[in-house]
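Novice:
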Amino acid sequence: MSGVPNPDELRVIVATDCGSTTTKAILIERTEEGYRQTWRGEAPTTVEAPFEDVTRGVLNAIAEIEELSGRQILDGERIITPARGERGVDIYISTSSAGGGLQMLVAGAVKTMTAESAQRAALGAGAIVMDVLAANDGRLPHEKIERIRNLRPDMILLSGGTDGGTVSHVVELAEYIAAANPRPRLGGGYRLPVIYAGNKDAREQIRQLLGERMALCIVDNLRPTLERENLWPSRQKIQELFLEHVMAQAPGYKKLMAMTGAPIMPTPAAMGEMIRTIAAQLGLNVLGVDIGGATTDVFSSFRVEGAPEPVFNRTVSANLGMSYSISNVMARAGIDRVLRWVPFATDEAELRDAIKNKMIRPTTIPQQLEDLQIEQALAREALRGSLEEHRSLAVGLKGVQTERTISDALSQEASGASLVDMMRLELIVGSGGVLSHAPRRVQAFLMMLDAFEPEGITRLAVDSIFMMPHLGVLATIHPRASAEVFERDCMIPLGTAIAPRGTARKEGVRCLGYRIELPGGRVEQGEQPFGELRRLPLGRDEQATVELEPARGFDVGAGPGKTLRATVSGGEVGLVIDTRGRPLFMHEDRQRRFAQLRRWYEAMELYPAPKPIEVSAMAER
Amino acid sequence: MGHAYTPGLRVARRTRVRKRRTLPLPGTVRVEVGERVRADQVVAETHLPGDVHSVNVVNRLGITPSEIREYMLKQEGDPVRKGEPIARAKAFFGLLKTEVPSPIDGSVETISTVTGQVLLRTPPKPVQVRAFIDGTVLEVEPGEGVVVETVATFIQGIFGVGRECWGRLAVLAPGPEAPLEPGAIRPEHRGALVVGGSLASYEAIARAREVGAAGVIAGGIHDEDLRRLLGYDLGVAITGEEEIGITVVVTEGFGEIAMAERTFRLLQERQGAQGSLSGATQIRAGVIRPEIILPYAGGDPAAEPEEEAVLGEMGIGDPVRCIRRPYFGRIGRVKSLPVELVQVESETRVRVVEVEFDGESAIVPRANVERIELG
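Chains as they are written, first to last, in this note's numbering: chain A, 9 to 629; chain B, 7 to 381.
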């Protein structure tokens with residue numbers, strides 16, 4: 009890595025994200041109106057044979073930018089820095105989730121306390137948590153040891169005990185780790201990094217047990233007292249070791265690290281920074297999602313009563329994604345759940361083969377409309393599954409220095425999934441190929457609406473061309489440039505959804521009365537029965553005032569049957585009134601469901617109208 | 007996206023193949039550099055540590071962890087038998103004895119004065135690593151394993167299931183478009199690697215297993231048949247450890263899909279050769295592909311292997327195969343490579359290629375074709 013230049017001198021920046029399937033490059037330039045994202049290129053990621061060198065995909069993606077922009081950036085395999093006129097760039101930066109990302113095992117004394125804090129530290133640093141071990145996780149010692157030995161993580165985070173508290177639990181876990189002596193996932197030639205972030209009184213014993221066999225690092229306790237979490241030192245150490253040990257083992261990463269002008273960040277960590285920034289700047293409860301080829305990451309930032317700052321959480325569904333993991337989406341959800349989103353009959357055997365072929369050839373794209381609809385059906389199930397996982401894990405303390413009472417800590421598991429409240433959620437931000445590159449923006453809107461089922465009034469936005477990770481890493485060296493590009497070129501407001509909570513036995517019954525004052529003084533007033541979707545135009549910079557009168561048993565945020573007045577924002581899709589019920593009401597009968605889906609999709613103008621059958625073709629039959 | 011890569015599958019008529027055969031833990035290497043080895047020959051062996059059992063001695067005896075050593079009858083490294091006391095406490099001048107018996111046959115691993123736990127380990131389990139291919143030992147890493155080298159026909163499949171196996175190659179399909187017919191698999195194919203063209207159906211695989219064939223190779227397999235074979239729906243493609251009584255490797259993908267002509271011709275050429283097959287696939291970080299390795303009998307590793315053709319960028323006239331609907335599996339030639347993005351039926355704007363099939367041509371996203379070599 010070369011030195012980071014002075015931010016004021018950065019005029020032209022090239023950034024890449026090396027994903028599991030594709031490497032995405034963007035060019036950012038300082039213009040008269042500030043920093044703008046100007047060009048974009050992509051190429052398959054080349055961690056696999058025949059290349060086995062991630063920089064090949066990076067160079068290909070940058071070459072595509074060169075081709076489109078006319079700017080020469082590469083001199084052979086070298087990135088030209090600094091920029092001189094139409095040649096070169098001032099800095100190259102990158103994020104990466106290729107090579108399977110960062111896979112960790114975490115361990116803590118008590119499952120709902122230190123083990124859970126350790127899990128949050130690892131997730132916050134951008135890791136995939138393979139397993140959480142705890143002294144009280146119900147597994148027998150030999151089962152734990154067997155599990156540690158078989159997992160082959162990239163890194164272990166060990167915590168346990170508050171400072172000055174009991175040492176025996178955490179030492180016991182260290183004994184298991186020592187007995188298992190696990191080997192790192194990539195390359196056997198280095199010692200497995202273990203971060204110890206537990207009771208400081210146990211450090212010496214941990215050193216004796218693990219110091220020789222593992223690459224042991226000791227950081228401050230991540231749970232120094234029961235009421236306080238201190239995740240930052242662990243997170244930083246994880247990211248540091250990720251670069252030093254894990255990335256350095258992946259094919260071509262040493263070369264990549266030498267090319268970048270700032271440390272490479274794990275993609276989810278960079279994306280998390282962006283979601284956190286959006287939530288802070290807008291002051292909203294935000295849910296962010298990044299659906300990739302191998303994994304789906306979910307981020308949430310929610311205001312919590314009594315807490316000085318919003319609570320931020322990140323989870324990763326390691327085996328839910330749109331290419332490498334697509335077959336698992338199908339296996340997990342089951343074919344019926346996937347096909348319930350598809351308004352036509354399909355040959356199940358052929359569909360199964362097609363999904364497996366996408367898994368083994370992950371860069372293919374849907375050419376036919378039916379293929380696109382099936383891929384978007386799978387995306388709904390991947391998104392739904394990843395939100396379920398997020399809601400079950402986003403259960404607790406905020407990152408740093410939350411004061412909690414002991415009773416809070418003890419009741420944490422019971423109060424569990426309450427943090428991500430779909431009624432209190434105000435903004436959903438989607439990212440990742442299937443959302444960012446959907447041929448119509450309304451498709452991204454409806455995928456998120458169907459999968460997440462937000463309640464009440466919720467804004468939706470999408471990452472324009474998938475550049476949030478790039479901006480996340482840019483923010484570490486030039487926050488202003490990152491913010492300017494984000495606002496102008498990255499976040500595309502899609503509009504607002506109004507969805508009453510509640511359900512009915514049949515379609516057509518009374519659900520929601522509304523009065524909408526649109527820009528220019530136009531007023532839309534009426535009743536929308538249960539089971540319908542309606543889309544009203546409301547532009548990107550426009551707002552409307554709504555008065556909503558839910559029927560008895562339905563709630564738009566003011567309580568069941570209570571009227572709510574609010575101002576809502578528009579976007580590329582507009583204002584969508586969704587009276588399909590929460591939970592969503594769908595017919596069991598296939599033919600009736602086909603009709604229901606077609607009605608919804610037509611109302612949303614989701615897909616192009618079916619092609620008319622040509623008369624000559626008919627005559628031939 | 008201007009670039010599109012086949013997942014980098016190698017198909018070589020005659021190439022040098024080196025296989026690293028490594029023990030999971032240090033052990034003993036049984037062969038020497040320069041020694042000729044057979045596929046089924048053990049080249050290294052070791053013992054995997056047994057399972058660990060913990061006994062909380064201090065709780066059982068009602069003592070503190072720091073006192074544990076005074077009460078232990080067995081020390082680290084000592085062998086123990088199931089039921090044999092490992093620690094003992096006496097009270098009332100030795101009249102009352104409390105003993106902690108070992109729950110297993112094995113040995114004492116550690117005694118912790120912090121937690122008061124004693125870890126016991128069952129006896130080690132032997133593990134043997136075989137050569138996997140007929141060849142010559144090129145390198146020995148003492149205690150770790152060996153590298154075996156051979157000159158062979160080397161073909162990577164795209165997906166497989168089942169463990170490593172070896173046997174005689176028996177091409178049973180008349181051409182790359184023909185499926186593997188169950189009726190063609192006969193008792194004399196016991197121990198063989200049977201080859202079909204476009205498809206290995208469940209019935210064909212079951213028949214192969216019935217006659218005791220070691221492996222099945224074909225262009226494609228239906229996912230439904232795979233599910234039937236495995237007994238579950240495969241979610242994440244990490245395979246190679248399946249206990250299904252046979253190894254299955256497909257070279258092209260899922261569904262009925264003609265085996266690449268070059269691959270099929272090579273296999274036909276090597277009819278009757280002794281070969282090795284591995285189903286291990288990992289479509290994830292550190293990609294692993296299934297392999298078909300057919301060493302040349304008495305192959306001299308010093309003999310010059312043939313140059314492998316490297317497929318470069320796509321050009322006009324190149325043969326390509328479509329790898330996604332609606333033209334899935336069809337083979338044609340590149341007619342033109344438009345530079346500008348084109349909107350296809352799904353309304354996606356992509357780089358495309360114009361492909362000419364028999365007399366007709368079609369626009370296909372560039373990401374949905376792969377370059378192939380014709381036999």
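Cβ atoms here follow ideal geometry from the backbone N, Cα and C, with glycine treated the same way.
(1) Does Ile-92 (chain B) have its Cβ less than 8 angstroms from a Cβ in chain A?
(2) Taking Cβ to Cβ, would you say Met-330 (chain A) is nearer than 8 angstroms to Leu-380 (chain A)?
(3) Within a Cβ cutoff of 6 angstroms, which residues of the same chain sit near Gly-365 (chain B), ignoring the five residues on either side of it in sequence?
(4) Output the boundary residues of the beta strand (DSSP E) element that contains His-59 (chain B).
(5) By Cβ distance below 7 angstroms, which residues in the same chain neighbour Gly-40 (chain B) in space, the five residues on each side in sequence not counted?
(6) For Val-137 (chain A), which of A:Glu-151, A:Ile-156, A:Met-431, A:Leu-148 has the nearest alpha-carbon?
(7) Measuring straight from C-alpha to C-alpha, what distance separates Gly-529 (chain A) and Leu-544 (chain A)?
(8) Would you check if the distance between the CB atom of Leu-329 (chain B) and the CB atom of Val-375 (chain B) is smaller than 8 angstroms?
(9) Taking all protein chains shown into account, do 16 or more other C-beta atoms lie within 10 angstroms of the C-beta of Tyr-238 (chain B), making it buried, or fewer, making it exposed?
(10) What residues in the segment 224-255 of chain A bring their beta carbon closer than 9 angstroms to a beta carbon of chain B?
(11) So what's Leu-391 (chain A) in DSSP terms, helix, strand or just coil?
(12) Mind listing which residues of the segment 343-365 of chain B have their C-beta closer than 7 angstroms to chain A's C-betas, in chain order?
(13) Identify whether Phe-562 (chain A) lies in helix, strand or coil by the three-state DSSP scheme.
(14) Taking the C-alpha atoms as reference points, what is the distance between Ile-185 (chain A) and Ala-93 (chain B)?
(15) Would Ile-272 (chain A) pass as an interface residue toward chain B - the criterion being a Cβ-Cβ separation below 8 angstroms?
(16) Which residues of chain A have a Cβ atom closer than 7 angstroms to the Cβ of Gly-165 (chain B), listed in chain order?
(17) How is Leu-502 (chain A) classed by DSSP in three states: helix, strand or coil?
(18) Use the C-beta contact count for Leu-239 (chain A): other C-beta atoms within 10 angstroms, 16 or more gives buried, fewer gives exposed.
(19) For chain A, find out if any of its Cβ atoms is closer than 8 angstroms to the Cβ of Glu-57 (chain B); answer yes or no.
(20) Measuring CB to CB, does Ala-505 (chain A) end up less than 8 angstroms from Leu-457 (chain A)?
(21) Helix, strand or coil for Asn-374 (chain B), going by three-state DSSP, please let me know.
(22) Can you list the residues of chain A that Asn-374 (chain B) reaches, using a CB-CB cut of under 7 angstroms?
(23) Relative to the C-alpha of Val-118 (chain A), which candidate in A:Gly-146, A:Gly-93, A:Ile-101, A:Arg-92 has its C-alpha closest?
(24) Put Pro-132 (chain B) into one of helix, strand or coil per three-state DSSP.
(25) Could you tell me the boundaries of the beta strand (DSSP E) in which Trp-172 (chain B) lies?
(26) Could one say the Cβ of Ile-329 (chain B) lies closer than 8 angstroms to chain D's Cβ atoms, at least one of them?
(27) Quick check: the segment 336-350 of chain B against the segment 348-360 of chain A, are at least 3 beta-carbon pairs closer than 8 angstroms?
(28) Out of B:Val-135, B:Arg-169, B:Ile-164, which one is the CA nearest neighbour of Val-154 (chain B)?
(29) Comparing alpha-carbon positions, which option in A:Leu-131, A:Cys-26, A:Glu-124 lies nearest Ile-101 (chain A)?
(30) I'd like the ranges of any beta strand (DSSP E) spanning at least 3 consecutive residues and lying wholly in the segment 145-200 of chain B.
(31) Check Pro-71 (chain B) in the structure and name its three-state DSSP category.
(32) Reducing DSSP to helix, strand and coil, say where Gln-375 (chain A) ends up.
(33) Mind reading off the beta-carbon distance from Arg-339 (chain B) to Val-361 (chain B)? Whole number of angstroms is fine, and I expect it under 8 angstroms.
(34) Would a C-beta distance cut-off of 8 angstroms place Ala-277 (chain A) and Gln-244 (chain A) closer than the cut-off?
(35) Consult DSSP for Met-273 (chain A) and reduce its assignment to one of helix, strand or coil.
(36) If you pair each beta-carbon of the segment 205-224 of chain A with each one of the segment 75-83 of chain B, do three or more pairs fall below 8 angstroms?
Specialist: Taking the geometry as given:
(1) On the second sequence, position 86 is the one that residue 92 (chain B) refers to. Answer no: the Cβ-Cβ gap between Ile-92 (chain B) and chain A never drops below 8 angstroms.
(2) Taking the first residue of the first sequence as 1, we reach residue 330 (chain A) at position 322. Taking the first residue of the first sequence as 1, we reach residue 380 (chain A) at position 372. No.
(3) By one-based count along the second sequence, residue 365 (chain B) stands at place 359. Within the same chain, and ignoring the five residues on either side of Gly-365 (chain B) in sequence, no residue has its Cβ closer than 6 angstroms to its Cβ.
(4) The residue given as residue 59 (chain B) occupies position 53 in the second sequence. That run of the beta strand (DSSP E) goes 58-62.
(5) Within the second sequence, residue 40 (chain B) is the residue found at index 34, counting from 1. So the list reads Thr-142, Val-143, once near-sequence residues are dropped.
(6) Taking the first residue of the first sequence as 1, we reach residue 137 (chain A) at position 129. Ranking the options by Cα distance to Val-137 (chain A), first place goes to A:Ile-156.
(7) Start at 1 with the first residue of the first sequence, and residue 529 (chain A) comes out as number 521. Start at 1 with the first residue of the first sequence, and residue 544 (chain A) comes out as number 536. Approximately 15 angstroms, taken between the alpha carbons.
(8) Translated into the one-based positions of the second sequence, residue 329 (chain B) becomes position 323. Translated into the one-based positions of the second sequence, residue 375 (chain B) becomes position 369. Reading off the sequence shown, one finds Ile at residue 329 (chain B), where the question assumed Leu. Taking 8 angstroms as the Cβ cut-off, Ile-329 (chain B) and Val-375 (chain B) qualify as a contacting pair.
(9) Here the question's residue 238 (chain B) lines up with position 232 in the second sequence. Classification of Tyr-238 (chain B): exposed, given that the 10 Å Cβ count is below 16.
(10) none
(11) Within the first sequence, residue 391 (chain A) is the residue found at index 383, counting from 1. In the structure shown, Leu-391 (chain A) sits in a helix (DSSP, three-state: H, G or I).
(12) Val-350, Glu-351, Ser-352, Glu-353, Thr-354, Val-356
(13) As a first step, residue 562 (chain A) must be located in the first sequence, where it is residue number 554. Reduced to three states, the DSSP call for Phe-562 (chain A) is coil.
(14) Sequence index remark: in the first sequence, residue 185 (chain A) carries index 177 (1-based). Sequence index remark: in the second sequence, residue 93 (chain B) carries index 87 (1-based). The alpha-carbon atoms of Ile-185 (chain A) and Ala-93 (chain B) are separated by roughly 25 angstroms.
(15) Numbered from its first residue, the first sequence carries residue 272 (chain A) at position 264. No, no contact with chain B.
(16) Looking up residue 165 (chain B) in the second sequence gives position 159. Here the sequence assigns Phe to residue 165 (chain B), which means Gly is not the residue at that position. Going along chain A in sequence order, the residues near Phe-165 (chain B) (Cβ under 7 angstroms) are Ile-368.
(17) One-based indexing of the first sequence puts residue 502 (chain A) at position 494. Correct three-state label for Leu-502 (chain A): strand.
(18) As a first step, residue 239 (chain A) must be located in the first sequence, where it is residue number 231. Buried: at least 16 other Cβ atoms inside 10 Å.
(19) If you number the second sequence from 1, residue 57 (chain B) lands on position 51. The amino acid occupying residue 57 (chain B) in the given sequence is Asp; Glu does not appear at that position. So yes, Asp-57 (chain B) belongs to the interface.
(20) Here residue 505 (chain A) refers to the residue found at position 497 when the first sequence is read from its first residue. Here residue 457 (chain A) refers to the residue found at position 449 when the first sequence is read from its first residue. For Ala-505 (chain A) and Leu-457 (chain A), yes; Cβs fall inside 8 angstroms.
(21) Start at 1 with the first residue of the second sequence, and residue 374 (chain B) comes out as number 368. Looking at Asn-374 (chain B) - three-state DSSP - the assignment turns out to be helix.
(22) Against the second sequence, residue 374 (chain B) aligns to sequence position 368. Residues of chain A passing the Cβ test: Thr-372, Ile-373, Gln-375.
(23) By 1-based counting over the first sequence, the position of residue 118 (chain A) is 110. Nearest of A:Gly-146, A:Gly-93, A:Ile-101, A:Arg-92 to Val-118 (chain A), Cα basis: A:Gly-146.
(24) Reading the second sequence from its first residue, position 126 is the one you call residue 132 (chain B). Pro-132 (chain B) falls in the strand class under three-state DSSP.
(25) One-based indexing of the second sequence puts residue 172 (chain B) at position 166. Its beta strand (DSSP E) spans residues 171-177.
(26) The chain labelled as chain D is not found among the protein chains of the depicted structure, namely A and B.
(27) The answer is no - the segment 336-350 of chain B does not touch the segment 348-360 of chain A, with fewer than three Cβ pairs under 8 angstroms.
(28) Along the second sequence, one-based indexing puts residue 154 (chain B) at 148. Of B:Val-135, B:Arg-169, B:Ile-164, the residue nearest in Cα terms is B:Val-135.
(29) Residue 101 (chain A) sits at position 93 when you count from the first residue of the first sequence. Measuring from the Cα of Ile-101 (chain A), the nearest candidate turns out to be A:Cys-26.
(30) 151-162, 165-167, 171-177
(31) Indexing the second sequence from 1 puts residue 71 (chain B) at position 65. Helix, per DSSP.
(32) Taking the first residue of the first sequence as position 1, residue 375 (chain A) is located at position 367. The answer is coil: DSSP assigns Gln-375 (chain A) none of H, G, I, E or B.
(33) The residue labelled residue 339 (chain B) in the question sits at position 333 within the second sequence. The residue labelled residue 361 (chain B) in the question sits at position 355 within the second sequence. Yes, Arg-339 (chain B) and Val-361 (chain B) are in contact; Cβ-Cβ is about 7 angstroms, under 8 angstroms.
(34) Your numbering for residue 277 (chain A) matches position 269 in the first sequence. Your numbering for residue 244 (chain A) matches position 236 in the first sequence. Their beta carbons are not under 8 angstroms apart, which means Ala-277 (chain A) does not touch Gln-244 (chain A) by this criterion.
(35) Translated into positions along the first sequence, residue 273 (chain A) becomes position 265. Three-state DSSP puts Met-273 (chain A) in a strand.
(36) No, the segment 205-224 of chain A is not in contact with the segment 75-83 of chain B.
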